[in-house]
Amino acid sequence: DGGITQSPKYLFRKEGQNVTLSCEQNLNHDAMYWYRQDPGQGLRLIYYSQIVNDFQKGDIAEGYSVSREKKESFPLTVTSAQKNPTAFYLCASSITGGKITGELFFGEGSRLTVL
Amino acid sequence: AQSVTQLGSHVSVSEGALVLLRCNYSSSVPPYLFWYVQYPNQGLQLLLKYTSAATLVKGINGFEAEFKKSETSFHLTKPSAHMSDAAEYFCAVSDRGYGGSQGNLIFGKGTKLSVKP
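First to last, the protein sequences are chains A and B. For reference, each letter of the first sequence is one residue, going 19 to 133 in our numbering. For reference, each letter of the second sequence is one residue, going 248 to 364 in our numbering.
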């Protein structure tokens, strides 16, 4: 079945450590996105990529990094520079980079907890 | 700049009662509008979307929403709530990619719906 796979679903990290969240899609979508979700805050855009080898910062990119070496993959690294990384992270994709309908397809999410 | 306001962070209804979740938007160009649903510890799933066709949009699970330009609203309704409707609901707006716009979605803060037996 086509969809978006995020891993791991749960992740614990010690302060000062970098951690990478995986996001893979087999929908043949051009655009991919990373959102951060905190209780009562809605979804906030971290990074997005409209095409392979290109990505742009979203609203809260500080302390995060991404790469887009393959169309199917858009990993997110949470670095030690991110001061409050404990959150639920959602990866999404869309067919045309959001320029026509903006409809997003989401993965199941990854919950990161910093100990 | 675009924005979305969802009125009420928590809404509680009885099973079988009307569900009404409110969403108002701000956009300088004709918007695309969306409602998504999220169950605990899961991703978001599209309920319905408005893309300038009919102003009354029907979605999955018996939900519908009406685009009212004069009120800048896109409220979500369901005539009769079911226990399985308990979830968090997000309204979202995007522009249409005019000029240099990327057309990214802007999400509201969400409304948690509780359904009482």
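The beta carbon of each residue, even a glycine, is placed where N, CA and C say it ideally should be. All of these numbers come straight from a predicted model, not from anything done at the bench.
9 Å Cβ cut-off: residues of chain A touching residue i
i	result
residue 274/B	By Cβ distance, chain A contributes nothing, its closest Cβ being about 12 Å from residue 274/B, past 9 Å.
residue 256/B	58
Beta-carbon gap between residue i and residue j smaller than 8 Å
i	j	result
residue 130/A	residue 38/A	no
residue 358/B	residue 255/B	yes
residue 76/A	residue 61/A	no
residue 279/B	residue 319/B	no
residue 281/B	residue 305/B	no
residue 55/A	residue 105/A	yes
residue 314/B	residue 251/B	no
Where residue i meets chain B, residues with beta-carbon distance less than 9 Å
i	result
residue 29/A	In chain order: nothing, as chain B lies at least about 13 Å away.
residue 130/A	Within chain B, no residue comes near residue 130/A; the closest Cβ sits about 13 Å away, beyond 9 Å.
Pairwise C-alpha distance: residue j and residue i
i	j	result
residue 266/B	residue 308/B	12 Å
residue 294/B	residue 35/A	38 Å
residue 21/A	residue 351/B	20 Å
residue 348/B	residue 82/A	The predicted model places residue 348/B with a pLDDT of 43, which falls under 50 and marks its position as unreliable; any figure quoted below should be read in that light. The straight-line gap from Cα to Cα measures roughly 23 Å.
residue 270/B	residue 360/B	14 Å
residue 24/A	residue 288/B	13 Å
residue 92/A	residue 340/B	24 Å
residue 107/A	residue 337/B	16 Å
residue 262/B	residue 362/B	6 Å
residue 113/A	residue 330/B	33 Å
For residue i, the nearest candidate out of the options (CA to CA)
i	options	result
residue 42/A	100/A, 85/A, 97/A	85/A
residue 29/A	69/A, 61/A, 103/A, 121/A	103/A
residue 122/A	59/A, 25/A, 47/A, 34/A	47/A
residue 88/A	69/A, 105/A, 100/A, 106/A	69/A
residue 132/A	99/A, 74/A, 78/A, 52/A	99/A
residue 328/B	314/B, 264/B, 288/B	264/B
residue 356/B	314/B, 284/B, 276/B, 317/B	284/B
residue 73/A	56/A, 80/A, 49/A	49/A
residue 67/A	59/A, 127/A, 53/A, 27/A	53/A
residue 40/A	58/A, 51/A, 33/A	51/A
Neighbour list for residue i in chain B, Cβ cutoff strictly below 8 Å
i	result
residue 108/A	290, 291
residue 81/A	Within 8 Å Cβ-Cβ: nothing; residue 81/A doesn't reach chain B, min ~20 Å.
- Task: Would you mind listing the beta strand (DSSP E) stretches within the segment 25-101 of chain A that are 3+ residues and don't spill past its ends, in chain order?
- Result: Listed in chain order, the complete beta strand (DSSP E) runs (minimum 3 residues) inside the segment 25-101 of chain A are 28-31, 37-43, 49-56, 60-69, 72-75, 82-84, 94-96.
- Message: Which complete beta strand (DSSP E) runs does the segment 268-339 of chain B hold, if anything under 3 residues is left out?
- Response: Segments of the beta strand (DSSP E) lying fully in the segment 268-339 of chain B: 279-285, 291-297, 303-305, 311-315, 320-325.
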